[in-house]
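Residue numbers (UniProt numbering), protein chains in the order written: chain L, 1 to 320; chain R, 1 to 320.
Every residue, glycine too, gets a C-beta built ideally from N, C-alpha and C.
Keep in mind it's a predicted model, so treat the numbers as computed, not measured.
Notes follow the structure.
There are 2 protein chains.
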Amino acid sequence: MPASLAIALDIGGTKVEAALVDEHGAVLPSSRHRFPTGRGQSAEELAESVRSAIRGVLAMLSGPDAAFDAGLVRGVGIGAAGPINLGAGRVSPLNLPVWRDYPLRELVADTVHPVLPGIPVTLRMDGLCITLAEHWVGAAQGYDNVMGMIVSTGVGGGLVLGGHTVPGPSGNAGHIGHVEIGGHDDPCHCGGLGCLEAVASGPRTVEWANAQGWSGSTGEELAAAVLAGDPIAVRAVERAGRAVGRAIASAASLVDLDVVAIGGGFSHVSPLLFEHARAAVAERVEFGYVTRVLIVPSGLSGDGPLIGAAALIHRAALVA
Amino acid sequence: MPASLAIALDIGGTKVEAALVDEHGAVLPSSRHRFPTGRGQSAEELAESVRSAIRGVLAMLSGPDAAFDAGLVRGVGIGAAGPINLGAGRVSPLNLPVWRDYPLRELVADTVHPVLPGIPVTLRMDGLCITLAEHWVGAAQGYDNVMGMIVSTGVGGGLVLGGHTVPGPSGNAGHIGHVEIGGHDDPCHCGGLGCLEAVASGPRTVEWANAQGWSGSTGEELAAAVLAGDPIAVRAVERAGRAVGRAIASAASLVDLDVVAIGGGFSHVSPLLFEHARAAVAERVEFGYVTRVLIVPSGLSGDGPLIGAAALIHRAALVA
């Protein structure tokens with residue numbers, strides 16, 4: 001039996017998921033409750049999806065179906081798609097446009113506190129939670145200066161520096177996807193030019209390959225084409241991997257990192273993505289503190305976001 | 001009379017300077033001792049310049065010329081050109097190639113401790129010291145998330161996040177000059193391409209203007225040409241200012257900043273440099289936490305590096 005529990009909530013553009021996570025970072029399998037989110041829902045429908053996921057977990061802690069002692073629960077950790085407003089506990093997820101400056105922390109507290117009065121509710125950006133999870137049970141264990149990255153439809157991330165999280169005053173630190181890449185000027189959703197996300201996300205990489213004459217339409221097809229030796233697909237992955245590496249080199253120059261752990265759907269497109277990222281960082285020959293940075297695949301299962309949200313509670317001493 | 005004193009040391013590519021700095025961040029004018037450094041000196045000659053500067057200060061604290069009570073001295077703060085090796089107390093200043101992995105902290109301790117046994121000796125990179133000085137008595141007072149920048153022959157800087165310094169595990173965090181700029185691919189000394197330093201330093205901006213047909217050769221001449229309305233000079237400053245702004249936008253996306261304070265000789269080329277930097281940051285319209293960043297001129301006199309080195313001692317509680 002677990003000695004202590006956190007209620008973990010992961011809130012993204014397509015789903016909300018809640019679960020109980022124990023003090024070792026294990027998600028209790030029977031405790032998962034998932035509901036859809038998305039652009040089709042109103043602000044109140046999104047809120048009801050969050051409440052439903054939480055109520056599913058709370059039903060396991062009290063009442064006729066209780067399976068765990070409610071007294072073991074130390075708090076609620078929420079990882080949410082950004083941008084967020086940390087001080088106010090509000091979120092404005094890019095992919096959920098009906099939620100702008102939405103009081104998410106209050107919604108969660110109002111749902112949990114009638115059952116578990118007064119327990120802490122901690123909100124951070126999803127990229128930060130994933131980084132905490134890599135640091136706790138993933139590929140960044142044993143390192144104190146870590147950048148977690150997700151390379152997928154978008155490119156996000158988070159920072160642990162000196163062994164503590166760096167949320168930034170607004171809660172939005174870690175947006176590695178909006179660090180610019182030399183030599184690229186692709187327009188980015190943020191308003192910038194040449195941001196990593198605009199160059200190397202899955203969809204942007206597929207678009208680039210299409211413009212060179214490749215005819216596929218998904219990251220999975222691109223992965224297959226690389227395996228088959230399609231020269232355009234191979235070059236597309238080289239272009240994305242070098243961009244990832246150049247963003248890492250900029251970030252490591254600025255904050256001095258030990259390790260970068262990369263996950264997300266498009267990170268699996270090919271091991272070549274990692275090789276080109278490493279090669280780009282290695283070009284910074286005069287800065288040994290940059291070239292020493294390890295670039296590794298995520299050590300997390302698909303549970304990373306929930307584990308990271310739980311780390312906000314179980315690893316609270318590291319959470320700034 | 002001061003209530004407490006720090007011995008401050010600033011070690012750069014052209015000079016070493018030592019002075020006493022009081023608990024309010026004031027450099028005691030009579031205490032300055034400056035000796036040249038440079039590529040013409042051997043490793044031992046550089047060491048002797050450092051010893052001479054320190055001995056000048058120590059002579060004011062004991063012996064026949066003592067002007068201050070040695071008991072007031074709380075420690076020695078050293079700001080040095082990087083890269084550095086924080087754990088080992090060693091430095092490899094790019095502009096002093098005979099010093100590679102040179103044991104600077106030991107040199108200073110061995111010179112100071114015979115007179116002031118056991119006092120702390122703290123070494124950090126110069127860009128970090130300048131940032132601490134801006135935070136203490138300069139343009140970043142009252143803010144807890146600060147990037148200091150120097151735009152000069154090179155481009156350097158440092159970070160204070162959450163009210164504490166971010167040295168990085170190796171001591172080299174803050175190298176904003178080696179964050180890449182979208183759309184630029186200029187080769188950089190570090191081995192990278194499109195780094196801010198390769199695009200927007202004083203010499204690189206002059207080179208660019210020369211390539212467009214401008215005939216001057218210094219930043220001062222470029223400043224005069226901007227004032228006179230020379231169209232190439234005006235465009236050269238726009239190019240440099242936008243690059244500075246784009247690097248700031250990347251940095252603010254990654255670490256979430258309140259204010260960036262910019263000093264260094266070339267930062268004075270024209271107020272247009274700041275206007276273009278602000279305009280480039282303002283283009284990141286979807287990220288309010290980025291566009292809110294204040295970009296201001298340094299609030300420090302030429303004493304900034306000494307004040308920042310002294311802050312390592314007087315503000316030790318903020319120094320990670």
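Beta bridge counterpart(s) of residue i as assigned by DSSP
i: R:Leu312; result: Bridge partners of R:Leu312: none, in fact.
i: L:Met149; result: L:Gly157, L:Ile262
i: L:Glu17; result: L:Asp10, L:Arg34
i: R:Gly79; result: R:Asp10, R:Arg124
i: R:Thr165; result: R:Val160
i: R:Gly90; result: Inspection of the sequence shows that residue 90 of chain R is occupied by Arg rather than by Gly. DSSP, once it has assigned bridges, lists R:Asn85 as partnering R:Arg90.
i: L:Leu5; result: L:Asp22, L:Val73
i: L:Tyr143; result: In the DSSP output, where bridge partners are listed per residue, L:Tyr143 has none listed.
i: L:Glu180; result: L:Cys195
As assigned by DSSP and simplified to three states, the class of residue i
i: L:Val293; result: coil
i: L:Cys195; result: strand
i: L:Arg32; result: coil
i: L:Ala228; result: coil
i: R:Val319; result: coil
i: L:Asp186; result: coil
i: R:Glu48; result: helix
i: L:Val269; result: coil
i: R:Val27; result: strand
Counted within 10 angstroms of its Cβ, other Cβ atoms place residue i as buried (16 or more) or exposed
i: R:Glu17; result: buried
i: L:His113; result: exposed
i: R:Asp258; result: buried
i: R:Asp65; result: exposed
i: residue 375 of chain R; result: Outside the modelled stretch of chain R, which goes from 1 to 320, sits residue 375 of chain R, for which no answer is possible.
i: R:Gly213; result: exposed
i: residue 334 of chain L; result: The structure shown does not extend to residue 334 of chain L, since chain L is modelled only from 1 through 320, so no value can be given for it.
i: L:Arg284; result: buried
i: R:Arg105; result: buried
i: R:Pro187; result: exposed
i: L:Asp101; result: exposed
i: R:Met125; result: buried
i: R:Met60; result: buried
i: R:Ala67; result: exposed
i: L:Ser152; result: buried
i: L:Pro167; result: buried
i: L:Glu44; result: exposed
i: R:Arg39; result: exposed
i: R:Asp110; result: exposed
i: R:Pro93; result: buried
Rounded distance between the beta-carbons of residue j and residue i, thought under 8 Å
i: R:Ala317; j: R:Ala8; result: That belief does not hold up - the Cβ atoms of R:Ala317 and R:Ala8 are roughly 18 Å apart, past 8 Å.
i: R:Gly219; j: R:Gly148; result: Their Cβ separation, rounded to whole angstroms, is 20 Å, which puts R:Gly219 and R:Gly148 out of contact at 8 Å.
i: L:Val226; j: L:Ser270; result: 5 Å
i: R:Gly182; j: L:Ile181; result: 6 Å
i: R:Ser267; j: R:Gly138; result: That pair is no contact at about 13 Å.
i: R:Asn172; j: R:Gly79; result: Rounded, the Cβ-Cβ distance is 14 Å, inconsistent with contact.
i: L:Leu58; j: L:Pro2; result: About 16 Å; that fails the 8 Å criterion.
i: L:Ala243; j: L:His178; result: Rounded, the Cβ-Cβ distance is 13 Å, inconsistent with contact.
Near the ligand FMN: residue i beta-carbon under 7 Å from a heavy atom
i: R:Arg239; result: As far as ligands go, the structure on display features none, and thus does not contain the ligand FMN.
Partner residues on chain C for residue i, Cβ-Cβ distance less than 7 Å
i: R:Leu128; result: The question asks about chain C, but that chain is absent: this structure's protein chains are L and R.
Worksheet item: Using a Cβ cut-off of 7 Å, which residues of the region 178-189 of chain R contact any Cβ in chain L, in chain order?
Response: Of all residues in the region 178-189 of chain R, His178, Val179, Glu180, Ile181, Gly182, Gly183, His184, Asp185, His189 have a Cβ within less than 7 Å of some Cβ in chain L.
Practice prompt. Can you give me, in chain order, the residues of the region 270-291 of chain R that have a beta carbon less than 8 Å from any beta carbon in chain L?
Written response: Of all residues in the region 270-291 of chain R, Glu283, Arg284, Val285, Glu286, Phe287, Gly288, Tyr289, Val290 have a Cβ within less than 8 Å of some Cβ in chain L.
Practice prompt. Name, going along the chain, the residues of the region 291-312 of chain R whose beta-carbon falls closer than 7 Å to a beta-carbon of chain L.
Written response: Within the region 291-312 of chain R, no residue qualifies.
Worksheet item: Residues in the region 237-261 of chain R with C-beta within 7 Å of chain L's C-beta atoms, listed in sequence order?
Response: Of all residues in the region 237-261 of chain R, Arg246, Ala249, Ser250, Ala251, Ser253, Leu254, Val255, Asp256, Asp258 have a Cβ within less than 7 Å of some Cβ in chain L.
Worksheet item: Which residues, in order along the region 45-65 of chain R, keep a beta-carbon less than 8 Å from a beta-carbon of chain L?
Response: Near chain L, meaning a CB-to-CB distance below 8 Å, no residue of the region 45-65 of chain R qualifies.
Discussion item. Under 9 Å, CB to CB, which of the residues in the region 165-179 of chain R have a partner in chain L?
Written reply: Within the region 165-179 of chain R, the qualifying residues are Val166, Pro167, Gly168, Pro169, Ser170, Gly171, Asn172, Ala173, Gly174, His175, Ile176, Gly177, His178, Val179.
Worksheet item: Listed from N- to C-terminal order along the chain, which residues in the region 141-158 of chain L have their beta-carbon within a distance smaller than 8 Å of any beta-carbon of chain R?
Response: Of all residues in the region 141-158 of chain L, the ones placed with a Cβ closer than 8 Å to any Cβ belonging to chain R are Asp144, Asn145, in chain order.
Worksheet item: Listed from N- to C-terminal order along the chain, which residues in the region 191-216 of chain L have their beta-carbon within a distance smaller than 8 Å of any beta-carbon of chain R?
Response: Per Cβ criterion, the list reads Gly191, Gly192, Leu193, Gly194, Cys195.
Discussion item. For the region 74-99 of chain R, list every residue whose C-beta sits within 8 Å of some C-beta in chain L, in sequence order.
Written reply: Here the close residues are Pro83, Leu94.
Item to complete: Give, in chain order, every residue of the region 8-39 of chain R whose Cβ lies closer than 9 Å to some Cβ of chain L.
Response: Within the region 8-39 of chain R, contact with chain L at the beta-carbon level (separation under 9 Å) is assigned to no residue.
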